[in-house]
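Protein chains in written order, with our numbering: chain W, 2 to 373; chain B, 233 to 734.
From the three backbone atoms N, C-alpha and C, an ideal C-beta is built for every residue, glycine too.
Note that this is a predicted model, so its numbers are computed, not measured.
For reference, the structure is listed below as structure tokens.
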Amino acid sequence: MTNISQNEAAASGRPPALPSWVIARIEALAIPVFALIAGAALFSLFLMTQGKSPQEFFALVWRAAFSSAFSWKNTLSHVSPLLMAALCVAIPARLGLMVIGGEGAIILGGLAAAVVGASCGSIPAFFGFAAMVVAAFVVGGVWIGTVGALRVKRGVNETISSLLMAYIATAIFNQLVESVFRDPASLNKPATMPIPDALRVTDLPFLSTHWGVPVGIVICIACYFLLERTTIGFAARVTGDNIRAAQIQGLPVSRLVIGFTGLAGGLAGLGGFFEVSAIYGNANDSLISGVGNTGILVAFLARHNPLAIIPVALLLGGFEASSGLVQRRMDLPDATILVFEGCIFILVLLSETLYGRSDSLIRKILFAGRSK
Amino acid sequence: MSDRRKAPSVETIDMTMRFGAFTALDAVSIKVEAGSFHALLGENGAGKSTLVKCMMGFYKATDGQMTVNDKEVEIDDPKDAYDLGLGMVYQHFTLVPSLTAAENLVIARADTPAVIDWRKERRRLETFMASMPFSVPLNRPVHSLAAGEKQKLEILKQLYLGNHFLILDEPTSVLTPSEADEVLGHVHKMTKAGDLTVLMITHKFREVRAFADSVTVLRRGKRVGTGRVADLSNDDMAAMMMGQAEMATPLARSGDTGRTVLSLDHAKAVDRSGTKEISIDALDVRSGEIVGLAGISGNGQVELMEMLTGQRSLLSGSIRVEGTAYHATRSEARQHKVRYLPEEPLLNASAPHMSVADNLALRSFDEDGRLFLDRKGIMQRANALIDDFDIRTQGPRAPIRDLSGGNVQRAALARELSGDVTLLIVSNPCFGLDFSAARTIRDRIMEARNKGAAVLLISEDLDEILELSDRVAVISEGRIAFETPVADADPKALGHFMAGHA
């Protein structure tokens, strides 16, 4: 059927038709790449208004983020929390929920892990790690799970509630770190008691990054399988696409929403665990880094596909890692990278309107050589 | 621009529209004389919508010309169409429900001033209304108007905007027959008076016969017939629409009624507004029978469907299936083989962005408690069902929202009617479908009944109820107002109960 119509079309000189799902697959890759390039172009204009050279900027980003073993270490150190923060956006998004407060789950998960870790110095390391992971996952999960529960039980908009709860999380974090959990020895910068060395996540053998990166990648792959290949994931996707149809089919909509938002928050909490255990050694306000917000950009660029989150997080991790060098060499403020990310985000959101409209353009490009 | 006040003639010449390799409209020429009422007939997907969208500038036709008052015109966007005095009235309302009729009319104008002098506008509107053959209350919010009044307001809006060529896209599909007759009667009179030229898309022969002067029939993007309505019989028009295919006769009724499957006992729930109550004292559906629940839209049908699908909790009373209490959970629905066909399946029974195959698997994907999706099985099943139920799609991987309305409904039927069915609950299954699609769907419902399923058919289409049902009940203001075997059902008496004059 398809072959016949393609031959007919070729004979008449028009580019052959492609099935809509093939177009959709091509769009899913091409449009975010286009948004990324267009965002970089927009940012270049911004740089020029500042009298700076875009070439120099992108060369510096390359050098700082991807050119050497040292720069890769720097990049990868940013990737681990980004993967988790992005999953915290992407998983609820597949259920039709726009959760943007993953930051809250990261910092409270990190705090929980740090507090539990500091008090588990005397038990075997395996149990200590298990206790930290469970604490981080449960606290993060309850935090974002509450957002899901408010949505299904009380109809509260999840975007607003997750954002406001992130502010509440920051306040709780600061309050607890400066009072009950404060290490008396931390004078200038309030922090929790140090996590014993036995419970610090180590670097990978031969590679200059900690275990958070490979674990995050494995979790991304696992989430992809959960969403795409399991019946639970299927039910979640149906719920996200049409909640009424899901209800009429008798799917447990409330449980799915609360379960998956809980999972998303738990993973963000796990991101917090890796930050405190691998990087800081305790919970202090460095944990409030805005990585949850960068994670939103990663998830959107990856179109909420957990597999695509992996390369996108590498790229964005690289951008984040280059901010120091850009600041020193080009005499630009620290926030310049945020402007760059903002440009990309705007273009990603604008490019949403292109989906389903690029059919004829895609066919022209694909069959450019053939239609003569 | 010529005189906007008079009804123009409009003609398309060899209008062609291609989407990629697919030709939706193939050199269609249609002439609508000034002051005539022209009907455009065709099956779903015949190209009626494509043709009018080209005429209104929503699509840019691949080829062909268009003339207004015998002058060639170029219509690149809807604004061009508006400038030429062409207007369109859609199947569904485009009014702002919370605003009054007067406000809706004023904001529809292209030249609404930044500050509105309401006193002046109201005077203008009253003069305008006085010059019209029919009127609507100007100062009530639109949501409080009946469907017929809303549709009249839509038509008045076009006239107020100075459009004297109107395309009506299935304008009566949300109206009761008497409302439809009234609205079309007024339109008909205005065409007779030379104030209006009308091109109406419809499926209903009755309306074509009663109101239209001439008719054009499309099939598969081609014009297959045109002529004066007086010269054509219904069979002629049906034959043109369907092509070679014979008009199928409805599937016969067979088999006996058995035990009670569904029973509602003093089931009460809050209605949508939260102020009134839905209260079904007694409603039983037995195996091997179709119980038709007739009623005018908004009398509790939606709420009853929600009670039966577990989306609306009961205040008191009970819903029982095969004698046990039923809450519409997935496991209960599976255990008792309960199936649903909600109205507007794309909105209520499909995941629109997911594939046809996935949608066909919505009911069965987690059978036997499996954890991993059987992707090969889903695809095989989809291919079988697509063949079996004649679902027209680019393939099982196409997203279901790309399908036409009739095919989405076929897909929903294919999913819900495969395997044994004990109880089938259906709501307005043929809403917006043309008659060959409707025929298939009704036959499938009858087939399920003949195989022993208990069927509850909630429908606003009284003809459909009378054709399919064994017993008829009337719902009015959230209560069962009347019940009778279909043999004793008199449409007039039913209408009486539907209107709430018990």
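By Cβ distance below 6 Å, which residues in the same chain neighbour residue i in space, the five residues on each side in sequence not counted?
i	result
W:Asn285	Lys190 and Ala192
B:Arg250	Thr294
W:Val1	Absent from the model: residue 1 of chain W. The displayed extent of chain W is 2 to 373, so no value can be given.
B:Pro717	Arg703
W:Ala113	Ala136, Ala137 and Val140
B:Pro661	Leu573 and Ile673
B:Glu715	Ala705
Out of the options, which has the shortest C-alpha to C-alpha gap to residue i?
i	options	result
B:Gly555	B:Leu496, B:Phe597, B:Leu579 and B:Glu599	B:Leu496
W:Pro215	W:Leu83, W:Val178 and W:Trp22	W:Leu83
W:Cys221	W:Ala300, W:Ser120 and W:Ser180	W:Ala300
B:Gln323	B:Ala379, B:Ala583 and B:Lys238	B:Ala379
B:Arg602	W:Ile310, W:Gly272 and W:Ala236	W:Ala236
W:His211	W:Leu177, W:Ala322, W:Ser361 and W:Phe275	W:Phe275
B:Leu407	B:Asp427, B:Glu521, B:Asp302 and B:Ile528	B:Ile528
W:Leu90	W:Arg329, W:Gly296 and W:Ser361	According to the sequence as given, residue 90 of chain W is Val; it is not Leu. The candidate whose alpha carbon is nearest that of W:Val90 is W:Gly296.
B:Thr654	B:Leu428, B:Val493, B:Asp309 and B:Glu411	B:Val493
B:Ser701	B:Arg518, B:Lys608, B:Arg647 and B:His585	B:Arg518
W:Arg256	W:Trp63, W:Cys224 and W:Ala150	W:Ala150
W:Trp22	B:Ile657, B:Arg647, B:Pro628 and B:Asp620	B:Pro628
B:Ala256	B:Lys280, B:Ala239, B:Lys263 and B:Ala425	B:Lys280
B:His396	B:Asp516, B:Gln567, B:Ala334 and B:Glu265	B:Glu265
B:Glu599	W:Thr240, W:Val117, W:Thr231 and W:Lys154	W:Thr231
W:Trp144	W:Cys121, W:Phe127, W:Gly103 and W:Ala132	W:Gly103
B:Gln383	B:Thr282, B:Met320, B:Lys424 and B:Leu645	B:Met320
B:Ala412	B:Leu428, B:Asp427 and B:Ile387	B:Ile387
Tell me whether residue i is buried or exposed, calling it buried when 16 or more other Cβ atoms sit within 10 Å of its Cβ.
i	result
W:Ser68	exposed
B:Thr404	buried
B:Pro631	buried
W:Gly242	Correcting the residue identity first, residue 242 of chain W is Asp in this sequence and not Gly. Label assigned to W:Asp242: buried.
B:Thr344	exposed
W:Trp63	exposed
W:Gln176	exposed
W:Val178	buried
B:Met432	buried
Who are the Cβ neighbours of residue i in its own chain at under 7 Å, not counting the five residues just before and after it?
i	result
B:His559	Gly542
B:Pro365	His418, Lys421 and Met422
W:Lys379	For chain W, the structure presents residues 2 to 373; residue 379 of chain W sits outside this window and is missing.
B:Glu414	Gly380
Answer yes or no: do residue i and residue j have a C-beta to C-beta separation smaller than 8 Å?
i	j	result
B:Gly464	B:Val456	Note that residue 464 of chain B is Leu in the sequence shown here, rather than Gly. Not in contact: B:Leu464 and B:Val456 (Cβ atoms no closer than 8 Å).
B:Glu304	B:Asp312	no
B:Ser659	B:Leu573	yes
B:Glu243	B:Met298	yes
W:Phe44	W:Phe346	no
W:Ile363	W:Val277	no
B:Gly638	B:Ala589	no
B:Gly727	B:Glu709	no
W:Thr171	W:Ile289	yes
W:Leu88	W:Cys224	yes
B:Arg438	B:Val461	no
Out of curiosity, what's the CA-to-CA distance linking residue i and residue j?
i	j	result
B:Ser563	B:Pro577	22 Å
W:Pro253	W:Ala247	8 Å
W:Ala65	W:Ile310	21 Å
B:Leu694	W:Ala269	56 Å
W:Asp332	W:Val34	29 Å
W:Phe130	W:Gly251	40 Å
B:Val553	B:Leu327	42 Å
B:Asp315	B:Gly267	19 Å
W:Ile218	W:Ile92	15 Å
B:Ser446	B:Gly453	19 Å
W:Val100	B:Met469	55 Å
B:Asp620	B:Leu649	11 Å
W:Thr262	B:Ser410	51 Å
B:Val523	B:Ser505	27 Å
In chain order, what residues of the same chain lie with their CB nearer than 8 Å to the CB of residue i, ignoring the 5 residues before and after it?
i	result
B:Met472	Leu273, Val449, Arg451, Val456 and Gly457
B:Thr332	Leu370, Asn371, Arg372, Pro373 and Val374
B:Gly520	Gly487, Asp488, Thr489, Gly490, Arg681, Asn682, Gly684, Ala685 and Ala686
B:Lys569	Gly651, Asp652, Val653, Thr654 and Leu655
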